[in-house]
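*Asks:*
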Amino acid sequence: MPPDKKIRFIINPQSGTTRKEKLRKLIPSVIDHSSYEIDIHYTGKQGHAEELSRQAVREKYFMVAVCGGDGTINEAGRALSGTPTALGIIPGGSGNGLARHLRVPLNFRKALRVINHAKITAIDTFNLNGRIVVNVAGIGFDAYIAWLFPKKKKRGFRSYANLVLREFYRYKAAGYMLESEEKKFSGEAFFITVANGSQFGSGTKIAPRARLNDGLMDVCIFRKFPMRLSPLLIARMFFNTVDRSKFYHSFRTQELILKPGITGYKHFKYLPRELHHKLLVHLDGEPVILHENEIRVKIRPHSLRVVVP
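Counting in the numbering used here, the sequence shown runs from -11 upward without gaps.
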């Protein structure tokens, strides 16, 4: 009998630094053809992974397996959230934040074996001004880096780390107002991150205690700090001790409202003109300029089925 379950593989050839050619050859050799019917697609533009994933949902695919970075994962996750079709992850980006949190192997062959076994769990996502986020979103320094990074010719962790180190000393904290049932905050922050998973990627953990299925978001506030402490604070994120810093505060919530304070982006004279007076955020590492005056975030418990080791 032919297999009754279908898996769609979506490969982003532009993400990260790993060459994807060998993956296309590996897929047929590792995936169990007696259990699964497969097809393979490459993305050719922004939003293509979402289109291909929505088509797979309509055609009742068992799984969509994505090879790309967190941005590509987000595109597929937007389409698969709230549906029976599961998300499989083959890490192929620069940071692979969600994959690392889930402990999905970074090796292609090992990641395909995880997909073959198809152990599925339901994780949370959250809604930010009508947009679905799977792993992390933020405003401030991390959003600014997300806006700059795609403009660099070289990809990969080294390029990303050099960019962070260069801009870390130039960037200034901004004013924000935040309100939730659990917490109110008004003051300057270097950045504010809303986290479902624990890390941005490449081992930089911003929410060490975050869980993907607890029905809560971790809201992480990095307050203004002396610039001489920058190396120490960066190191804390890599060594999973950022929550020990007195400049860091976090809490958990199901819903929050965040808006720029009096200073907002107005004093960022060194920023490019297109960012002046704009609400720049990142959604799973992808920069987005919002047209709204405030950010509203709400958790969506157990809304995405994901394949895990």
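Backbone N, C-alpha and C fix where the C-beta goes; we use that ideal spot for every residue, glycine too.
Based on Cα-Cα distance, which residue from Ile120, Ser17, Gly80 and Leu68 lies nearest to Arg42?
*Replies:* Of the listed residues, the one whose Cα sits closest to Arg42 is Leu68.
*Asks:* Could you pull the start and end residues of the beta strand (DSSP E) that Gln187 belongs to?
*Replies:* Gln187 to Gly189
*Asks:* Please classify Gln34 as buried or exposed, where buried requires at least 16 other C-beta atoms within 10 Å of its C-beta.
*Replies:* The residue is exposed, with fewer than 16 neighbouring Cβ atoms inside 10 Å.
*Asks:* For Thr71 versus Tyr49, is the C-beta distance shorter than 7 Å?
*Replies:* no
*Asks:* Identify whether Val294 lies in helix, strand or coil by the three-state DSSP scheme.
*Replies:* Three-state DSSP puts Val294 in a strand.
*Asks:* Using 10 angstroms around the beta-carbon of Asn123, count the other beta-carbons present and answer buried if the total reaches 16, otherwise exposed.
*Replies:* Looking at its Cβ environment, which holds 16 or more other Cβ atoms inside 10 Å, Asn123 is buried.
*Asks:* What residue range is occupied by the uninterrupted alpha helix (DSSP H) comprising Lys10?
*Replies:* Glu9 to Val18
*Asks:* Look at the alpha carbon of Phe178 and the alpha carbon of Gly126, and state the distance between them as a whole number of angstroms.
*Replies:* 11 Å
*Asks:* CA-CA distance, Asn295 and Ile78?
*Replies:* Reading the sequence as shown, one finds Val at residue 295 and not Asn. Using only the alpha carbons, I get a separation of about 10 Å.
*Asks:* Using 8 Å as the Cβ pair cut-off and three pairs as the minimum, do the region 208 to 220 and the region 281 to 293 touch?
*Replies:* no
*Asks:* If you follow the beta strand (DSSP E) that Ser238 is in, where does it begin and where does it stop?
*Replies:* Tyr236 to Thr241
*Asks:* Gly126 lies in the beta strand (DSSP E); which residues open and close that run?
*Replies:* For Gly126, the enclosing beta strand (DSSP E) starts and ends at Val124 to Gly128.
*Asks:* Under the assumption that Leu244 contacts Ile111 (Cβ atoms under 8 Å), give the Cβ distance between them as a whole number of angstroms.
*Replies:* Incorrect: roughly 19 Å between the Cβ atoms, too far for contact.
*Asks:* Consider the C-beta atom of Val269 and the heavy atoms of the ligand COA; say whether any pair is separated by less than 6 Å.
*Replies:* The ligand content of the structure shown is nil, which means the ligand COA is not present either.
*Asks:* Can the beta-carbon of Phe226 be found closer than 7 Å to that of Gly191?
*Replies:* Yes.
*Asks:* Kindly list the residues whose CB is nearer than 7 Å to the CB of Arg97, restricted to its own chain and excluding five residues on each side of it in sequence; keep chain order.
*Replies:* Leu14 and Val18
*Asks:* Can you name, in chain order, every residue of its own chain whose Cβ lies under 8 Å from the Cβ of Thr251, other than the five neighbours on each side?
*Replies:* Residue placement at Thr251 is flagged as unreliable, the pLDDT there being 43, under the threshold of 50; the coordinate-derived value follows with that caveat. Within the same chain, Thr251 has close Cβ partners Ala162, Gly163 and Glu176.
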